[in-house]
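Protein chains: 2
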Amino acid sequence: MNMVVSQPNSCADCPIRHSAVCSKCEPDELVQLEQIKYYRTYAAGQTVFFSGDSLEFVASIVSGVSSLTRTMPDGRVQMVGLLLPGDFMGRPNRETIECDVMAETEVKLCCFRRKPFEAMLEATPHLGQRLLQMTLDELDAAREWMLVLGRKTAREKIASLLYMIAVRMQSLNPNGAAKAEFTLPITRETMANYLGLTIETVSRQMSALRKEGLIAFQDRRDITVPDLEALKAETGEDA
Amino acid sequence: MNMVVSQPNSCADCPIRHSAVCSKCEPDELVQLEQIKYYRTYAAGQTVFFSGDSLEFVASIVSGVSSLTRTMPDGRVQMVGLLLPGDFMGRPNRETIECDVMAETEVKLCCFRRKPFEAMLEATPHLGQRLLQMTLDELDAAREWMLVLGRKTAREKIASLLYMIAVRMQSLNPNGAAKAEFTLPITRETMANYLGLTIETVSRQMSALRKEGLIAFQDRRDITVPDLEALKAETGEDA
DNA sequence: CGGCAGGTTGACTTTCATCAAGGAGTGTGG
DNA sequence: CCACACTCCTTGATGAAAGTCAACCTGCCG
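Right, here's the structure in full:
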């Protein structure tokens, strides 16, 4: 595994200092965390954990995008989580992980060996409180996604995914523009796995949305959404 | 709302004392909890919370089964959670709830007003630690379910649901019998909403599984599974 | 007895998956 | 520099699975 261990780095200038699991920690608690943390980088396409692996560390995503997937014995794959910067990877108090974790883009992790992290979780309420918040948010997101998987049409699924990504990117430049441009961090296959569709259906629906002017793209990664509200209307969730 | 407030009850002889959010609490912490708790009972079919309601209390399920559902503007419904005795209902640090919560059977809740509960969560690490564990477990279950919704056939979905319920019931009488009998706590419509299917498809697949001898039933609630392993083989997850 | 909710079954339709062919961009080696 | 192989994507033709519409059954309750 050609993963790279980077040089040490300070929490003070960490880009996810205020959103990650450590965001409620006091300065003295950060000092403790600094002592057990280390960085790792994974190239796009590399696997971080295989399902069933023993869970040696937990981590915050510093940069990049990772996916969680589950695979059936006959090869069917369903993505069950998409981890963005600030998100937490791994399970305290669990020996193994039951998903494959993959780097969709180059990913930089801030890792903590699991045992010391669990000990700190017991001793440092701020850490556990933040992790609880984050886990509850993820649970809400997972439930939202169950609606998409269980009840939406292919077209609505695509619109939902694009809308979600557009809004997340939008939140970075917060002037409420009606328009959005972004680079899809994932392939058609990854989209299909996320949405419970085949890549052919993804491709067809992307073409259909383009034909109708709801989205635009030249190379197949850089997407323009001329009218976010119009796209939202296609998600099936508008009133 | 004809909900009933029951007479006070002691934690000491509570049936979910060792599985609920309070299960790690020390005696003195239980005393605190006793001061802010109260019981409510809902009849089958009653709504506990409507989506968007302000969240006045959180609760443990003492007995019965509740469902969490999300509804689209055009009426499509997806169940996103099934709460059994011991499970926790509600979100600390959130003003409103974004699901409908319904009593599928008669349900007895042990309620805590949200604000005092949040205060205790800050002050009592045992409470937060247990809630974190439970939330992580629910997240895993939600992800498992995303695989069912996204990638399984109707037949596999039905088999998965029946197998899950059979195993949960089985865990109550722990001699590893190959056979299982149980009463479905939910209607065909609820099954359909859980599985992302129509009730007609649920009905057809139930009939098909019965024709093949994988399950048996006379009245449509009391199910017999003569061979749990055979049923498991139909879930698509066997190796 | 009639009405009603929940469930089953059949005929038909729609949606999406499957199978298959081929295009566009990229990297490699002759 | 061009041929090629390869990955990722697109598009078309066809088929299978599940949804829709409709009729009817069953048990229950007033």
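Keeping their order, the protein sequence lines are chains B and F.
Those letters in the first sequence? Residues 1 to 239, per UniProt numbering, in order.
Those letters in the second sequence? Residues 1 to 239, per UniProt numbering, in order.
Backbone N, C-alpha and C define an ideal beta-carbon position, used for all residues, glycine too.
What you are looking at is a predicted structure, and each value in this text was computed from that prediction instead of being measured.
Taking C-beta pairs closer than 8 Å, name the residues in chain B that F/Pro125 reaches, listed in chain order.
-> Residue 125 of chain F sits at position 125 when you count from the first residue of the second sequence. Here the neighbours are Glu122, Pro125, Gly128.
Straight-line gap, F/Phe88 to B/Ala142 (C-alpha atoms, nearest Å) = Within the second sequence, residue 88 of chain F is the residue found at index 88, counting from 1. Within the first sequence, residue 142 of chain B is the residue found at index 142, counting from 1. Each residue's alpha carbon lies about 17 Å from the other.
Straight-line gap, B/Asn2 to B/Leu127 (C-alpha atoms, nearest Å) | Within the first sequence, the letter at position 2 stands for residue 2 of chain B. Within the first sequence, the letter at position 127 stands for residue 127 of chain B. Because B/Asn2 sits at a pLDDT of 44, beneath the cut-off of 50, its placement in the model cannot be relied upon, and the following sentence gives the value as read from the coordinates. Distance between the alpha carbons of B/Asn2 and B/Leu127 is about 31 Å.
Name, please, each residue of chain B whose Cβ falls closer than 7 Å to the Cβ of F/Gln78.
-> As a position in the second sequence, residue 78 of chain F is number 78, starting the count at 1. Correct list: Met146, Leu147, Gly150, Arg151.
For F/Thr135, go through chain B and note every residue whose CB falls closer than 7 Å to its CB, in chain order.
-> Within the second sequence, numbered from 1, the residue matching residue 135 of chain F stands at position 135. Within chain B, the residues near F/Thr135 are Leu132, Thr135, Leu136, Leu139.
Beta-carbon separation (whole angstroms), B/Phe57 vs B/Arg113, contact threshold 8 Å = Counted from its first residue, the first sequence places residue 57 of chain B at position 57. Counted from its first residue, the first sequence places residue 113 of chain B at position 113. With 8 Å as the limit, B/Phe57 and B/Arg113 qualify as a contact, their Cβ atoms being about 5 Å apart.
Can you find at least 3 beta carbon pairs, one from the segment 62–82 of chain B and one from the segment 21–38 of chain B, that sit closer than 8 Å?
-> no
Backbone CA spacing between F/Ser10 and F/Leu121 [nearest angstrom] | By one-based count along the second sequence, residue 10 of chain F stands at place 10. By one-based count along the second sequence, residue 121 of chain F stands at place 121. So the alpha carbons of these two residues sit roughly 21 Å apart.
Segment limits, alpha helix (DSSP H) that includes B/Glu200 | Translated into the one-based positions of the first sequence, residue 200 of chain B becomes position 200. That run of the alpha helix (DSSP H) goes 199–211.
Please classify B/Glu181: does DSSP put it in a helix, a strand, or coil?
-> On the first sequence, residue 181 of chain B is found 181 positions in, with the first residue counted as 1. In this structure, B/Glu181 counts as strand in the three-state DSSP scheme.
Taking residue 245 of chain F as the reference, which of F/Ser60, F/Thr47, F/Arg220, F/Thr235 has the closest Cα?
-> Past the edges of chain F, shown from 1 to 239, lies residue 245 of chain F, and the structure says nothing about it.
Interface residues of chain B around F/Gly64 at Cβ under 9 Å?
-> Taking the first residue of the second sequence as position 1, residue 64 of chain F is located at position 64. Residues of chain B passing the Cβ test: none, with the nearest at roughly 21 Å.
Close-in-space but distant-in-sequence residues of the same chain around B/Leu197 (CB under 7 Å, 5 per side omitted) = As a working note, residue 197 of chain B is residue 197 in the first sequence. Closer than 7 Å at Cβ, skipping near neighbours: Ala154, Lys157.
Between F/Val202 and F/Met191, what straight-line distance do the alpha-carbon atoms span, to the nearest angstrom?
-> Sequence index remark: in the second sequence, residue 202 of chain F carries index 202 (1-based). Sequence index remark: in the second sequence, residue 191 of chain F carries index 191 (1-based). Each residue's Cα considered, the two are about 7 Å apart.
What residues are listed by DSSP as bridge partners for F/Thr96?
-> On the second sequence, residue 96 of chain F is found 96 positions in, with the first residue counted as 1. Per DSSP, F/Ser54.
Beta carbon of B/Phe182, beta carbon of B/Val101: below 9 Å?
-> Taking the first residue of the first sequence as 1, we reach residue 182 of chain B at position 182. Taking the first residue of the first sequence as 1, we reach residue 101 of chain B at position 101. The answer is no: Cβ separation not under 9 Å.
Quick check: the segment 158–165 of chain B against the segment 218–237 of chain B, are there 3 or more CB pairs under 8 Å?
-> yes
Mind checking which residues open and close the beta strand (DSSP E) that includes B/Ile223?
-> Position 223 of the first sequence, counted from the first residue, corresponds to residue 223 of chain B. Note, B/Ile223: beta strand (DSSP E), 222–225.
Members of the segment 95–122 of chain F that neighbour chain B once the beta carbon cut-off is set at 9 Å | Glu98, Cys99, Leu121, Glu122
Please state whether DSSP places B/Ser10 in a helix, a strand or coil.
-> Translated into the one-based positions of the first sequence, residue 10 of chain B becomes position 10. If DSSP states are grouped into helix, strand and coil, B/Ser10 belongs with coil.
Could you tell me which chain F residues have their CB closer than 8 Å to the CB of B/Asp238, listed as they occur along the chain?
-> To locate residue 238 of chain B, count along the first sequence from 1; it is residue 238. Those within 8 Å of B/Asp238 in chain F are Pro73.
Can you tell me which of the three DSSP states F/Lys24 falls into?
-> Translated into the one-based positions of the second sequence, residue 24 of chain F becomes position 24. Looking at F/Lys24 - three-state DSSP - the assignment turns out to be coil, as it is neither helix nor strand.
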